[in-house]
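Below is one structure, written out as structure tokens; the observations come after it.
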Amino acid sequence: MKMENTVNNIFKVDYDFEAVRAVEPVNEPERQYYYMEKAAEVYKLICENAGKRLTFNCNTFGCQMNFRDSEKIAGILEKIGFENTEDKSPDFVILNTCTIRENADQKVYGNLGYLKKLKELNPNMIIALCGCMMQETTVVQKLRESYSFIDLIYGTHNIYKLAELVFAMFALKSYAAHHPVKKNGKYKIKHSMLVDIWKDTDKIVEDLPDERKYSFKASVNITYGCDNFCTYCIVPYVRGRERSRRPGDIVKEVKCLADAGVIEIMLLGQNVNSYGKGLEGEKGEPVTFANLLRMVEKVEGIKRIRFMTPHPKDFSDELIEVIADSEKICKHIHLPFQAGSNNVLRRMNRRYTKESYLELAGKIKTRIPDIALTTDIIVGFPGETEEDFEDTLDVVKEVRYQSAYMFEYSKRTGTPAATMEDQVDAEAVKRRFKRLQDTVAEYADDKFGNKVGCMAEVLAEEVNSEEPLIITGRMSDNTLVHFKVPTDNKEDYIGKLLKVKITENCRFYLMGELS
Ligand code: SAH
Ligand code: SF4
Ligand code: F3S
Numbered sequence: 001m002k003m004e005n006t007v008n009n010i011f012k013v014d015y016d017f018e019a020v021r022a023v024e025p026v027n028e029p030e031r032q033y034y035y036m037e038k039a040a041e042v043y044k045l046i047c048e049n050a051g052k053r054l055t056f057n058c059n060t061f062g063c064q065m066n067f068r069d070s071e072k073i074a075g076i077l078e079k080i081g082f083e084n085t086e087d088k089s090p091d092f093v094i095l096n097t098c099t100i101r102e103n104a105d106q107k108v109y110g111n112l113g114y115l116k117k118l119k120e121l122n123p124n125m126i127i128a129l130c131g132c133m134m135q136e137t138t139v140v141q142k143l144r145e146s147y148s149f150i151d152l153i154y155g156t157h158n159i160y161k162l163a164e165l166v167f168a169m170f171a172l173k174s175y176a177a178h179h180p181v182k183k184n185g186k187y188k189i190k191h192s193m194l195v196d197i198w199k200d201t202d203k204i205v206e207d208l209p210d211e212r213k214y215s216f217k218a219s220v221n222i223t224y225g226c227d228n229f230c231t232y233c234i235v236p237y238v239r240g241r242e243r244s245r246r247p248g249d250i251v252k253e254v255k256c257l258a259d260a261g262v263i264e265i266m267l268l269g270q271n272v273n274s275y276g277k278g279l280e281g282e283k284g285e286p287v288t289f290a291n292l293l294r295m296v297e298k299v300e301g302i303k304r305i306r307f308m309t310p311h312p313k314d315f316s317d318e319l320i321e322v323i324a325d326s327e328k329i330c331k332h333i334h335l336p337f338q339a340g341s342n343n344v345l346r347r348m349n350r351r352y353t354k355e356s357y358l359e360l361a362g363k364i365k366t367r368i369p370d371i372a373l374t375t376d377i378i379v380g381f382p383g384e385t386e387e388d389f390e391d392t393l394d395v396v397k398e399v400r401y402q403s404a405y406m407f408e409y410s411k412r413t414g415t416p417a418a419t420m421e422d423q424v425d426a427e428a429v430k431r432r433f434k435r436l437q438d439t440v441a442e443y444a445d446d447k448f449g450n451k452v453g454c455m456a457e458v459l460a461e462e463v464n465s466e467e468p469l470i471i472t473g474r475m476s477d478n479t480l481v482h483f484k485v486p487t488d489n490k491e492d493y494i495g496k497l498l499k500v501k502i503t504e505n506c507r508f509y510l511m512g513e514l515s
């Protein structure tokens, strides 16, 4: 490639890569710590060639699962020595991709177009892609063919091996720099793309470094993967089978976080309330999500507990009781219903009915009156009729959500729904989507209005970028609150639970004043 030869290649180092490989440890996580140390040695030599410290930027697409993975990626890269930067032109760019809907894929391709230009200006730039989109063979094929400037591609199952992959990539690049190939009478440095994608894994590697984005709130994975196979959804194919972390490992991580000053924990999984399947407690008892919540609740220092996402089919009465009785579990449940029609729900393989969902939502609201419910809804699933869509509106009207994420159905290759007949006409989908938005807004829970004049407990999360005397935070039920503070000394507020007097209802958020 032309661009590789226009500037000094910083990867040409004198280092015995083979000797390092010859004595690599077999077990994890020791093996990865070993490679972090060795990659750090090579990194230093590369920096000497470059005459500066190399930076990285991990760009996250998609859900909280990916955000959490990006923290792990950042942890490993920082351990190697890379400096984390927000700069749009870093030395190492990682795109942590999502493929939940088609527009997620398009965003990644858009970014690649931009990165191609940057790499033409700086041929030493390293570009890596990882995450859900990389688990699709057609995507990787396309990248190999049309985006050959990429340096490293790996998937969702081998993130923990990033240090080893970076080391292998350094080895490849150094070898290429030492062995230029002759082409049309000129020597050129050969570019190669390192690709490592696993189909699935049953492994969970604990105790690797990570770099948490916030000091006061943190996400903790409790399950990986998904076994539900909703017929529209790509996640089970790109994230693999459901695996639960051991409760002891989860509680240990939460304790560590609490010791470091974290007060809000978000427990993460595609279906958190099926947590524990396949695990056994110390005395042989079943491991359940309700019990895990009880354990996390006992961790001193943790003030708020959230979780994402529960599935309606697995929402036990015991779980409702645990939430109702808890001082720490936030009064917010995100309970996706996707569609209201039983016919559509059956073809989506959601394994509940409109009636059973409404019964569950009713039970939760009766037992926990101050709960805020939010949801996910898909419009235009194959075969959805106007009548089916009316069932979706019925659910919105009856449950009265605080807010809802609404999506137009997006066809994902490889999922059962992609080959279903009667894909809904795009015009009809647009029309229904608009009606749904209006209905969600019209029937939104009016708790917002009731809060004016009240005192609320708000976790202060960030200073407003334009107005240093305004801080943004969230109430237990996830309501966003912007509130005025007397000084711009942010250490006094950020990461603290504060009493705020609510002064105004601005429909999607509340305004308030520190009392
Ligand atoms: N595991 C979670 C969420 C997974 S993805 C759950 O089951 O609730 C987040 C949301 O994206 C889903 O709830 C669904 O509403 C939406 N979604 C998933 N696949 C989609 C598709 N093919 N088209 C449109 N929306 C989709
Ligand atoms: Fe996808 Fe369904 Fe699993 Fe959620 S529960 S990740 S929608 S398959
Ligand atoms: Fe996207 Fe993967 Fe999450 S497909 S929504 S990043 S699990």
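Anchor point for the sequence shown: position 97 equals 97 in the UniProt record's numbering, and the numbering is continuous, going up by one each time.
Built from N, CA and C at the ideal position, the CB exists for glycine as well.
Counting C-beta pairs closer than 8 Å gives fewer than three between the stretch 150-163 and the stretch 261-271, which falls short of the contact rule. Runs of the alpha helix (DSSP H) lying entirely within the stretch 265-312, each at least 4 residues long, are 289-297 in chain order. For A176, the closest of Y275, K183, K188 by C-alpha to C-alpha distance is K188. When DSSP states are grouped into helix, strand and coil, I100 belongs to the coil group. Taking a 10 Å sphere around the C-beta of Y405, we find fewer than 16 other C-beta atoms and assign the residue as exposed. Rounded to the nearest angstrom, the Cβ distance from L480 to V500 is 12 Å, too far for a contact under 8 Å.
Boundaries of the alpha helix (DSSP H) around C47: 30-50. Excluding five sequence positions before and after Y493, the CB atoms of its chain that fall closer than 7 Å to its own CB belong to A460, I471, V485, given in chain order.
With a cut-off of 6 Å, the C-beta of P336 is classified as near ligand 1, since at least one heavy atom of the ligand falls inside that distance.
For I333, the enclosing beta strand (DSSP E) covers residues 332-334. Taking one beta carbon from each stretch, the stretch 58-70 and the stretch 195-207 have fewer than 3 pairs nearer than 8 Å; the two do not touch. DSSP places K182 in the strand class (E or B) of the three-state scheme. Out of I73, T138, A456, the CA that lies nearest to the CA of L510 is found in A456. At a cut-off of 6 Å, the beta-carbon of C454 does not count as near ligand 3: no heavy atom of the ligand is closer than that.
Relative to the Cα of V396, the nearest Cα in the group P382, I378, K411 belongs to I378.
In the structure shown, D425 adopts coil according to DSSP, grouped into three states.
DSSP, reduced to helix, strand and coil, places T419 within a helical segment of the structure shown. Between V322 and K255, the CB-CB gap reaches or exceeds 7 Å. Here the distance from the Cβ of S410 to the nearest heavy atom of ligand 1 is below 6 Å. P236 and C454 have their alpha carbons spaced roughly 44 Å apart. For T99, the shortest separation between its Cβ and any heavy atom of ligand 1 does not lie below 6 Å. In the DSSP assignment, F229 falls outside any alpha helix (DSSP H) and carries neither an H nor an E. The stretch 130-146 makes no contact with the stretch 6-16, as fewer than three CB pairs between them are under 8 Å.
Closest in C-alpha terms to Y35, from the list A171, M295, I197, comes A171.
With 16 or more neighbouring CB atoms inside 10 Å of its own CB, C330 falls in the buried class. Checking the 6 Å criterion, the Cβ of F407 is within range of a heavy atom belonging to ligand 1.
Looking at the DSSP output, Q437 bridges to nothing.
Linking N478 to E280 through their CA atoms gives a straight-line distance of about 33 Å. Set against 6 Å, the gap from the CB of T309 to the closest heavy atom of ligand 1 is smaller. In the structure shown, the three-state DSSP call for A260 is coil.
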